[in-house]
Structure formats: structure tokens, C-alpha cells
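Oh and the sequence shown: position 123 is 123 in full-length UniProt numbering, straight run, nothing missing.
Backbone N, C-alpha and C define an ideal beta-carbon position, used for all residues, glycine too.
Take a look at the structure set out below.
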Amino acid sequence: MARSSSMPDRLSDTNRRAFLDGIHTFSPAVLATFSWGLVTGIAMTKSVLSVPQALGMSLAVYAGSSQLAVLPLFAARLPLWTILLTAAMVNLRFVIFSAGLAPHFSYLPLWRRLVLGYFNGDIIWLMFAKRNFPTGFQPGKEAFFWGLAVTSWSSWQVSSIAGILLASLFPDDWGLELAGTLALIPLIVSAIATRSTLAAVAVASVVALLAFDLPYRLGLPLAVFAALAAGACADVIIGRAVRKTAPAPEKPRDTTRNAR
């Protein structure tokens, strides 16, 4: 039976190809995502959380850095507002990522934008931004995002739930955190395409190292804001240098004399 002309555009061939492209694009990051999901799941189970609580946090929060940051606060039985404030501070970078997505999906209804915000993440935003999509509606753009998001979310939840349920099988000295970090390095290097990006990465690395011992993983949002400032300053400096070295435009010839 032929498809009705009112069939939603999300089922079009363009969107199917874009969705599969998103899955393929995210595939190099599956190992890193799986490693960190496993680490987070194990950490939650070995803390004060019960298995149901850890499962609920994995599905509801879906943000490894903040999940790990609040575990010591749960153990110390600190007030709920302290835990929520810490999680919000660690997750400030997602405000930046979501602001970057806003011009691309502003035409969507609010509830769909909220869903996109839940599924957005560090690697997803990096890979989406590298495509340099024009803002506003474009066929296949949302489907590409969903290809990234579904692959990321599935990898994270499968590994996190495995870590929660099988935590007793993983010794603490396996170094899974290092495996996840090493798997992320090629993705970060591949994203350094301009001098301003290189400046942002360099400054973020230095700030992250200097702020490593700060409580509640506050070094993470500090590194993000430092990277934004460094990238913006580098863009301004490079732009001024380009304008200074650019040849002056030729003055138009006066043809009035010849016309006389």
C-alpha cells in the first residue's frame, strides 16, 4: 500500500540516511563512552546507592561527571540543595552546548527541544558542530543529531547498567578511567582544525590540571569557561592579524576624464 502524502517527514529517505550517518559518525566514540559508563556504574554501586537508586540515576541524570561528583555528597549525607547545586555547577557546560544547538532547532516545539537537551552531550555537540550545519531548518539535520544521540545514549546506558549490576566482578585496579580517557584523545585531536580551537584546547588542558584537586569536580566547568574565553580571544587576535595583512582594496579608476 502506498504511503500517504501526510506521512511525517522524519520517515523520509533523507532522514534515514542522515540518522545512519549520525550512528556511523559516533561509532569511533563508542569505546570511550562505554568505558566511562562502566566506570560510573561501578562507582555508583560501590558507593552508598542501592542498585535501584543507581539505575534511576543513570537513566534520569545521564551525565557521568555530575553523577561521580555527587557520590561523596550522598555518602556524607549532605543536604539535598548542596547535592543539586554541585550537580548544576558541574553541568554548566551543557548550558553552553544547548545554546549552540538553539539556532539549529528553534523551529521545533518546546517539548521536542527539551528532549534534545536531555540527549545532548559533550561528544555529541563536538561531532554535530564539526558538520557546520546552517542554522534553521535543514532536511536531515535533526535526524543526524538523533543518530549521534541514540548511539551515545545506548552505549552509555548499556555500559552503566552493566557496571551497576556486575560491579563486584571488576577490581578497582583495572584502570578503566584511563582507558576511557585514552579513547577520547583521538576525538579531541581530530577536532582541532583552527588556531583558535588549538588555543582553547591548550588553555582548557592547563586549567583542568591546575584545578584538578578542587572539590566536586569544579575544575571541569572552570576549564570549559577558560576554553571559551581563550577561543574567543584567539578569534579576535587572529581576525585583527588577518585584516592588517590583507591587501588594501584597489581604488576605482576615474573614467570621467576619458569620457570627456
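Same chain, Cβ closer than 7 Å to Gly121, five either side skipped, listed in chain order: Ser152
3 or more residues per run - each beta strand (DSSP E) lying fully within the region 128-174: none
Inter-residue spacing [alpha-carbon to alpha-carbon] between Phe212 and Val206: 10 Å
Status (buried if at least 16 other CB within 10 Å, exposed otherwise) for Arg195: exposed
Every unbroken alpha helix (DSSP H) within the region 52-87, with a cutoff of 4 residues, ordered by chain: 64-75
Rounded distance between the beta-carbons of Leu110 and Ser128, thought under 8 Å: Ser is not the amino acid found at residue 128; the sequence shown has Phe there. Rounded, the Cβ-Cβ distance is 20 Å, inconsistent with contact.
Cβ pair count under 8 Å reaching 3, the region 72-79 against the region 96-109: no
Per-residue DSSP class, three states only, for Thr14: helix
Buried versus exposed call for Ala87 [16 or more other C-beta atoms within 10 Å across all chains shown]: buried
Distance, Ser47 Cα to Arg77 Cα: 12 Å
Proximity of Ala29 and Leu68 at Cβ, strictly below 7 Å: no
Tyr118: first and last residue of the uninterrupted alpha helix (DSSP H) it sits in: 110-119
Where Arg131 falls, given that 16 or more other Cβ within 10 Å makes a residue buried: exposed
Inter-residue CB distance, Ala202 and Gly231 (contact presumed, cutoff 8 Å): Ala202 to Gly231, Cβ: 10 Å. No contact.
Beta-carbon proximity list for Arg93, same chain, < 8 Å, skipping 5 on both sides: Asp122, Leu220, Pro221, Val224
Ala226 burial status per 10 Å Cβ neighbour count (16 or more: buried): buried
Same chain, Cβ closer than 6 Å to Ser155, neighbours up to 5 away in sequence not counted: Val30, Thr33, Phe34
Cut-off 6 Å between Cβ atoms - residues of its own chain near Thr14, not counting five sequence neighbours on either side: Pro139, Gly140
Contact check, Gly22 vs Phe144, beta carbons under 7 Å: yes
Euclidean distance between Cα positions of Arg16 and Trp146: 10 Å
Residue 317 versus Pro79: straight-line alpha-carbon distance, rounded: This structure gives no information on residue 317, because the portion of the chain shown stretches from 1 to 260.
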